[in-house]
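Enquirer: Mind looking over this structure? Questions follow.
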Amino acid sequence: MNNILSNLKYINISNASNELTEEKGIYFWYEKKRPDNVVYIGIALGRKGLRHRIFSQHLNPKYLEFRPSKHNSKDSFQLENAIYRIGKKGDVRKGIDKSSFRKAIGRNLLICSGEDTCSYITNNLLLKIFESNDEELLKLLEKELISFYKPIFNTSFK
């Protein structure tokens, strides 16, 4: 595990679309002010890998959840400051962050969805990744590292 952590690749967030690949992997968000403090650990196992998970979801302000069934009482701040859109049936829908990482930021720091949580990430956090096609290794690493580091924005495996 130490070998993996010492070989993490730093990703420049402002150039993430070019630097991230479609490989599977695990990723780590750190505070800029305290680069040794891991605040979130996640894995990307989908067919479009790290690029899709990080760039298309975590860093995309339009990646929002408009289905009321996916909202709960923990989302009260973001719901009070929701992004509105008209549904297909002409109903007004409230949108909040869909990414579990951004949702955790909004809940913990009382930050509005979309542009605001994405700005928080780009202004305050650093990103490092480890690429691997070994899904079992990635799942094990995620579980063990979250249990060890207890990142503030992770909700599972603590």
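Heads up, the sequence shown is in my numbering, so the first residue is 63 and it goes up one at a time.
The beta carbon of each residue, even a glycine, is placed where N, CA and C say it ideally should be.
#1: Would you check if the distance between the CB atom of G87 and the CB atom of F192 is smaller than 8 Å?
#2: Per DSSP, which one or two residues make a beta bridge with I66?
#3: Have a look at N80 and L112 and give me their C-alpha separation to the nearest angstrom.
#4: Return the CA-CA distance between Y72 and Q140, expressed in angstroms with no decimal places.
#5: Please indicate yes or no: does the CB of T184 lie closer than 7 Å to some heavy atom of the ligand ADP?
#6: Could you check which residue in L207, E204, T217 and K190 has the C-alpha nearest to that of K36?
#7: Beta-carbon separation of K165 and L126 under 8 Å?
#8: Span of the beta strand (DSSP E) holding G87?
#9: On the DSSP letters alone, give me the boundaries of the alpha helix (DSSP H) that Y211 sits inside.
#10: For L82 and F117, what's the separation of their Cα atoms in angstroms?
#11: For V100, count neighbouring C-beta atoms within 10 Å of its own C-beta (all shown protein chains included) and say buried if the count is 16 or more, exposed if not.
#12: Go ahead and pull the three-state DSSP assignment for R164.
#13: The alpha helix (DSSP H) that contains A78, what's its start and end?
#14: For I148, I'd like the list of residues in its chain whose CB is within less than 7 Å of its CB, leaving aside the five on either flank, ordered along the chain.
Expert: In short:
#1: Contact flag set, yes.
#2: Partner(s): none; I66 has no beta bridge.
#3: Between N80 and L112, the alpha-carbon positions lie close to 11 Å from each other.
#4: 30 Å
#5: What this structure holds is no ligand at all, so the ligand ADP is not there to describe.
#6: Limits of the chain in this structure are 63 at one end and 220 at the other, which puts residue 36 out of reach.
#7: no
#8: Element bounds for G87: G87 to E93.
#9: E197 to Y211 is the span of the alpha helix (DSSP H), which, as asked, contains Y211.
#10: 8 Å
#11: buried
#12: helix
#13: A78 to E81
#14: V154
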